[in-house]
Amino acid sequence: GGVLYVVATPIGNLADMTERARKVLTDVDLIAAEDTRQTLRLLNHFGISANLIACHDHNEASVSRRLLSALEDGRDVALVSDAGTPLISDPGYSLVSAAREQGFAVVPIPGPSALICALSAAGLPSDRFLFLGFPPRSRSQRQAWLKDVAREPGTLILYESGKRTVATLSDIAETLGDARRVVLARELTKRFETFLFGSAAELMRRVDEDAEQQLGELVILIQGRGVGGDADGCEEQERVLRVLAESLP
Ligand code: SAM
Numbered sequence: 055g056g057v058l059y060v061v062a063t064p065i066g067n068l069a070d071m072t073e074r075a076r077k078v079l080t081d082v083d084l085i086a087a088e089d090t091r092q093t094l095r096l097l098n099h100f101g102i103s104a105n106l107i108a109c110h111d112h113n114e115a116s117v118s119r120r121l122l123s124a125l126e127d128g129r130d131v132a133l134v135s136d137a138g139t140p141l142i143s144d145p146g147y148s149l150v151s152a153a154r155e156q157g158f159a160v161v162p163i164p165g166p167s168a169l170i171c172a173l174s175a176a177g178l179p180s181d182r183f184l185f186l187g188f189p190p191r192s193r194s195q196r197q198a199w200l201k202d203v204a205r206e207p208g209t210l211i212l213y214e215s216g217k218r219t220v221a222t223l224s225d226i227a228e229t230l231g232d233a234r235r236v237v238l239a240r241e242l243t244k245r246f247e248t249f250l251f252g253s254a255a256e257l258m259r260r261v262d263e264d265a266e267q268q269l270g271e272l273v274i275l276i277q278g279r280g281v282g283g284d285a286d287g288c289e290e291q292e293r294v295l296r297v298l299a300e301s302l303p
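Start counting the sequence shown at 55; every next residue gets the next number (our numbering).
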């Protein structure tokens, strides 16, 4: 059978395209792309001509069947998304899992992903983290979603669009408290790449006052639960219990 390549592409800076990604996209028989127009622009930039097929959330099931039969015919397929690594808050999961189930070779071609890019330079603990993808759109669902991870000790990582940053920061302050360090990593690898640091409430005010900060896409990183990072006073309760336990006979 053919090989399914899962190919990461740049998240804003075309110079981040890897040599392997270029070679694979040049060599495969078929490229499955989230948005064919977007991928055409990328391919044109590198002088690659290819057979493109649209594969997005709404047609993934039917397109997967076509791609799997191409693999069966011995044709090589590459999967790309609009930016970054496929399957990471992007389509591709059902194709990859079906390809695995049917025993096809699946080869990752690694490259940029906004979450790792942001984490690598944010200055928050990186030994343990929880990637949450996009928050729900409705305020009540978003708050419940945040409360659900309030006790996670690792760094929390969210995807968000600039225009919803203020609303999401306000929910972060409300549900996780305002003691945690938050980092906004915006327009990564691009000309106006910006890192902002502060508490959720501080950053909310800053972004609210500066329309520029509401443009583009960003990654929100939140310090995990821990000393000084706790909303519900659990740390303090635990400390008091420890002190009490130590002083008991
Ligand atoms: N698959 C992609 C990846 O590997 O990072 C993510 C795709 S997801 C649909 C798009 C979201 O990723 C954006 O809303 C933003 O949260 C984040 N993102 C993508 N590119 C970014 C960039 N250059 N700077 C900051 N965030 C980015």
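For each residue, glycine too, the CB sits at the ideal point set by N, CA and C. Small disclaimer: the values here were computed from a predicted structure and weren't measured.
The Cβ-Cβ distance between P164 and G280 does not fall below 8 Å.
The bridge partners DSSP lists for E214 are L272. Three or more Cβ pairs closer than 8 Å define a contact, and the stretch 98-107 falls short of that threshold against the stretch 175-187. The shortest CA-to-CA distance from N67 to any of R245, Q92, I274 and I276 is the one to R245. Between S143 and F188, the C-beta spacing is below 8 Å.
Around the Cβ of G157, a 10 Å sphere holds fewer than 16 other Cβ atoms; the residue is exposed. Judged by their CB atoms, I65 and G138 are nearer to each other than the 8 Å cut-off. According to DSSP, residue pairing for I107 in a beta bridge involves A86. Classified as exposed, L302 has fewer than 16 neighbouring CB atoms from the shown chains inside 10 Å of its CB. In the same chain as D70, and ignoring 5 residues on each side of it, the C-beta atoms closer than 8 Å to its own belong to P64, G165, P166 and T243, in chain order. In this structure, A204 lies away from T222, with their beta-carbon atoms at least 8 Å apart. In this structure, the C-beta of E241 approaches the ligand SAM to less than 7 Å from one of its heavy atoms.
Inter-residue distance for V61 and V297 is about 53 Å (C-alpha atoms, whole angstroms).
When the alpha-carbon of V78 is set against those of P162, E256 and S192, the nearest one is in P162.
The beta carbon of L169 is closer than 8 Å to those of I142, F185, I211, Y213 and V273 in its chain, skipping five residues each way along the sequence. DSSP, read as helix, strand or coil, puts L242 in coil. Under the DSSP definition of a beta bridge, Y59 partners with A132 and V161. In chain order, I102 place their CB closer than 7 Å to the CB of T80, counting only its own chain and leaving out the 5 sequence neighbours on each side. For L250, the enclosing beta strand (DSSP E) stretches over residues T248 to G252.
The closest heavy atom of the ligand SAM lies 7 Å or more from the beta carbon of S148. In terms of Cβ geometry, V57 and D130 form a close pair [threshold 8 Å]. Rounded to the nearest whole angstrom, the C-alpha separation of W199 and T219 is 16 Å. The beta strand (DSSP E) runs lying completely inside the stretch 177-202 and spanning 3 residues or more are 183-187, given in chain order. Excluding residues up to 5 positions away in sequence, I163 lie with their Cβ nearer than 7 Å to the Cβ of R74 in the same chain. Only residues of its own chain outside the window of five on either side were considered, and among them L58, V60, V150, A153 and R154 have a CB closer than 7 Å to the CB of V160, listed in chain order.
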